[in-house]
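Notes follow once the structure below has been shown.
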Amino acid sequence: MEKKDLRCRSCGSKRLETVLDLGRMPLADALLTEEELDLPEAAYPLEAALCADCSLLQITETVPPEVLFCRKYPYYSSFSDELLRHSRENALELIASRGLNAKSLAVEIASNDGYLLKNFVEKEIPCLGIDPAEGPAEAAEKIGVPTICAFFTAEFANELAEMGKRADVIIANNVLAHVADVRGFLAGIRTLLREDGVASIEAPYVRDLIDNCEFDTIYHEHLCYFSATSADRLLRNNGLYLNSVKRIPIHGGSLRLYVGKKDEPDGAVRALLGEERDRGIDGMNYYNEFAAKVGSIKSGLTHMLSMLREQGCRIAAYGAAAKGATLINYAGLGKDLIDFVVDRNTHKQGRFMPGARIPISGPERLLLEQPDYCLILAWNFAEEIMNQQEEYRARGGKFILPIPEWKIA
Ligand code: JHZ
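The working numbering applies: residue 1247 is where the sequence shown begins, and numbers increase by one.
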C-alpha cells in the first residue's frame, strides 16, 4: 500500500510496501542513567518497508541524527576483539592493494574510537577520522588518531576539499545505512575521493537479515538495509559505481562494497547481482514470510523464558547491544524474566536498557551470581563471548541464542 507523503530514501518513489511493523520502540542506544529511570522515555514508530522501484528496504521513521549519535552515544567499537581483527584486515588489505604510503590520505567516516584508523597510524599513513559522537571521537584522539568530531555531509566534504584534502581511500563502515541525507553523503564522498580513489563501504546485508531472521538489527539508527542491487542503484544515481563486492561475516553478515568514480564492475559484482536477481531480492515475495517468522521468534522465546522462570531459574543476558534493545522490547522481555544484562563496554555499565530498564553490569557479574541461563543478545559475537565465558559454562551456566530460532548453545 502506498504511504502518504513517504518517499524512498534512495530513489524518491512513493511505492513503499510494509515488510515488518515492530510498533513503537525506544531508541536502541539511549541507555538510561539511574536518574532517568523516573522520567518518561521517548518511543518512535519502527516499521520496515520495501521500495517497489529500487528495492531498497528501509525504515519509515527518521529520528534526528543529533538525537541518535551525539552526546552520550555509548557504542565504542573497540570492545570486540573480533571486530578489531576484522578491521585490521580491512585496513591492511587497503594499504596493500592501493599501495598507500606516507604521501597518501585515508579518511574514515564514522571512525568511532579509532578502532580501524589506528592501523594506518601504526603504518605511518596519513589519516583522518570523522565522527559526530563526542566520547568515541575523544577516545580516538587519545590513542593518536586525528579525528574531527562532526557529521560527514556534502558541505563538510567541500570544506575539506577547499583545504586541499583529497582521499586515496575513504572507509565508511556501518554508516551509509545510518544516514538520512544519503544523497548528500554520497556527494561528499565524490568530492573528497581522488579520481582513481576507492571508497570501501560496509553495511549489513539484507539477504542475511531476511534469511537468518535477524530482525533485531532493525532499529532507528539503521535507516536502510542494502542488497548489492539496491546499493548499485543508489550509487549509480549519485555518480558513484559499485566496482567490487565481498560478502563478509561481520555483524551477522554484511557486504563490503568497493566503490569508485568510474563504472568498472568486476566479476564479483556481476555474480552477486545475478544471484540476487535469481532469488528475487528486489520483489516483495522475498520478504513475505519474514514478519510471520519474527512473530514466532517472539512467542517461542517468551514462552521458553517464562517456563524457565516458572521452574525457578535465574536468567541474565549478554551484550547491551542496540540489537538487544530491539529484541527485548519487541519480545516484551522485562525485568520479570531477565535479572541483569552484562557488557564489557564500561560506558554502558551502570546504565539501564531502554524500554525494559534492565540494569547493565560488567561481565564479572556472571561468575559472581552464576545465573542458570544467559541469553546472548550480541549473538553476532556469540563465539567470542562464549570463549571468554568458559568458566561460567564449566560451572553449569548455559547460553541461549535467540535467532533464527532460540537454541541452547
Ligand atoms: P554489537 C553496532 O550495533 C553499532 P550493536 C551500530 N549500531 C551498528 O551499525 C552495528 O553494530 C552494525 C559487547 N561485547 O557490536 C560490546 C561484550 O561485552 O554487536 C557491545 O556493547 N563482550 C553503530 O550495538 C555489544 O556487546 C564481548 O566479548 O547491536 C555488541 O554490540 C563482545 C564481543 C562484545 O552491536
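We put the CB at the ideal spot given by N, CA and C, even for glycine.
Coarse secondary structure for residue i, derived from DSSP in three states
i: residue 1570; result: helix
i: residue 1361; result: coil
i: residue 1500; result: strand
i: residue 1484; result: coil
i: residue 1655; result: coil
i: residue 1336; result: helix
i: residue 1601; result: coil
i: residue 1453; result: helix
i: residue 1280; result: coil
i: residue 1442; result: strand
i: residue 1247; result: The predicted model places residue 1247 with a pLDDT of 46, which falls under 50 and marks its position as unreliable; any figure quoted below should be read in that light. The answer is coil: DSSP assigns residue 1247 none of H, G, I, E or B.
i: residue 1464; result: coil
i: residue 1326; result: coil
i: residue 1267; result: strand
i: residue 1348; result: coil
i: residue 1743; result: Past the edges of the chain, shown from 1247 to 1655, lies residue 1743, and the structure says nothing about it.
i: residue 1613; result: helix
i: residue 1389; result: coil
i: residue 1320; result: coil
i: residue 1309; result: coil
i: residue 1495; result: coil
i: residue 1458; result: coil
i: residue 1624; result: coil
i: residue 1635; result: coil
i: residue 1582; result: coil
Where residue i falls, given that 16 or more other Cβ within 10 Å makes a residue buried
i: residue 1557; result: exposed
i: residue 1315; result: buried
i: residue 1279; result: exposed
i: residue 1607; result: buried
i: residue 1545; result: exposed
i: residue 1552; result: exposed
i: residue 1480; result: buried
i: residue 1331; result: exposed
i: residue 1377; result: buried
i: residue 1549; result: exposed
i: residue 1265; result: buried
i: residue 1528; result: buried
i: residue 1285; result: exposed
i: residue 1270; result: exposed
i: residue 1251; result: exposed
Residues sharing a beta bridge with residue i, DSSP
i: residue 1272; result: 1289
i: residue 1297; result: 1262
i: residue 1663; result: Residue 1663 is absent from the structure shown; the chain starts at 1247 and stops at 1655.
i: residue 1448; result: 1419 and 1502
i: residue 1470; result: 1304
i: residue 1252; result: Partner(s): none; residue 1252 has no beta bridge.
i: residue 1354; result: 1375 and 1417
i: residue 1490; result: 1504
i: residue 1607; result: 1588
i: residue 1647; result: 1653
i: residue 1619; result: 1561 and 1644
Cβ shell of residue i (< 6 angstroms), same chain only, five flanking positions each side left out
i: residue 1360; result: 1386, 1389 and 1391
i: residue 1276; result: 1600
i: residue 1257; result: 1299 and 1300
i: residue 1338; result: none
i: residue 1208; result: With the chain running from 1247 to 1655 in the structure shown, residue 1208 is simply not present.
i: residue 1433; result: 1400
i: residue 1581; result: 1604
i: residue 1569; result: 1462 and 1463
i: residue 1334; result: 1365
Any chain C beta carbon closer than 8 angstroms to residue i
i: residue 1419; result: As a matter of chain content, chain C is missing from the structure shown, which is built from one protein chain.
Neighbourhood of residue i by C-beta, 8 angstroms cutoff - its chain only, sequence neighbours within 5 removed
i: residue 1562; result: 1584, 1585, 1586, 1587, 1588, 1611, 1612, 1615, 1617, 1619, 1620 and 1621
i: residue 1638; result: 1612, 1613, 1616 and 1620
i: residue 1451; result: 1472, 1473, 1493, 1499, 1500 and 1501
Contacts around residue i, its chain only, beta-carbon distance under 7 angstroms, and the 5 residues preceding and following it disregarded
i: residue 1414; result: 1344, 1346, 1350, 1351, 1352, 1440 and 1443
i: residue 1559; result: 1618 and 1619
i: residue 1429; result: 1484
Review point. Quick one: complete alpha helix (DSSP H) runs, 4+ long, within the stretch 1507-1561?
Key: Counting only runs of at least 4 residues, the stretch 1507-1561 fully encloses the following alpha helix (DSSP H) elements, listed from N- to C-terminal order: 1513-1525 and 1536-1556.
Point to revise | Length-filtered (3 minimum) beta strand (DSSP E) runs lying within the stretch 1392-1437 | key: Taking only runs of at least 3 residues, the beta strand (DSSP E) segments lying wholly in the stretch 1392-1437 are 1413-1419.
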